[in-house]
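> Per the working numbering, the sequence shown runs over residues -17 to 105.
Built from N, CA and C at the ideal position, the CB exists for glycine as well.
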Amino acid sequence: MTGPMKEERCLTMAQACETLRVSRRWMQDFLKAHPEIRVMRAGRHYRFDESDIRAIKEAMRCRSSSPGAAGRKTGTSAAPSEARLYSRAQELLTAPSRNRSGSGAKAKSNTVVSMAPRRQRRS
-17 MTGPMKEERC
-7 LTMAQACETL
3 RVSRRWMQDF
13 LKAHPEIRVM
23 RAGRHYRFDE
33 SDIRAIKEAM
43 RCRSSSPGAA
53 GRKTGTSAAP
63 SEARLYSRAQ
73 ELLTAPSRNR
83 SGSGAKAKSN
93 TVVSMAPRRQ
103 RRS
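Okay, here's the thing in structure tokens:
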């Protein structure tokens, strides 16, 4: 032996979640998505030491290579703007209404005719 082992304080799942201010479900999903973070596990019980907490915090950091707010690009939105919606509504309100039945079409009869065969009367 090289000397006395340094005792690290281990945290339970609930304590680690409280430390990181995340839910238990989030932590479980996060650990599944990041198999490179290997925490101590005994059956279904997890134990986290300080290096595990540091590794989780590091993985949570944004890895974006964007230059920041100064270099943001703008683009078009998929949704129409308010001005476009207003002009479209004006077009619909001022456009002449279309004739439903077309030009010169005759109106259809609303008479219902039974197609059942007639019974013959006894004489």
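Using three-state DSSP, classify Gln(-3) as helix, strand or coil.
Position 15 of the sequence shown, counted from the start, is the residue given in the question as residue -3. Of the three classes helix, strand and coil, the one that applies to Gln(-3) here is helix, per DSSP.
> Using DSSP's beta-bridge definition, name the partner residues of Met22.
By one-based count along the sequence shown, residue 22 stands at place 40. Arg29.
> Cα-Cα, which of Gln102, Arg6, Ser69 and Ala77 is closest to His27?
Looking up residue 27 in the sequence shown gives position 45. Measuring from the Cα of His27, the nearest candidate turns out to be Arg6.
> Just the Cα atoms here: how many angstroms apart are Lys14 and Val21?
Along the sequence shown, one-based indexing puts residue 14 at 32. Along the sequence shown, one-based indexing puts residue 21 at 39. Rounded to the nearest angstrom, the two C-alpha atoms are 11 Å apart.
> Helix, strand or coil for Ser63, going by three-state DSSP, please let me know.
The count along the sequence shown starts at 1 and reaches residue 63 at position 81. Reduced to three states, the DSSP call for Ser63 is coil.
> Would you report the Cα separation of Ser79 and Val4, rounded to the nearest angstrom?
Here residue 79 is taken as the residue at index 97 of the sequence shown, counted from 1. Here residue 4 is taken as the residue at index 22 of the sequence shown, counted from 1. Computed Cα separation, rounded: 57 Å.
> Once the 5 residues before and after Ala(-4) are set aside, which same chain residues still bring their CB inside 8 Å of it?
The residue you call residue -4 lines up with position 14 of the sequence shown. Correct list, in chain order: Arg6.
> When burial is assigned at 16 or more other CB atoms within 10 Å of the CB, is Asp34 buried or exposed?
Residue mapping note: residue 34 aligns to position 52 of the sequence shown, counting from 1. Result: buried.
> Could you check what DSSP says for Thr93 in three-state terms: helix, strand or coil?
Taking the sequence shown and counting its residues from 1, the one referred to as residue 93 is at position 111. In the structure shown, Thr93 sits in coil (DSSP, three-state: anything other than H, G, I, E or B).
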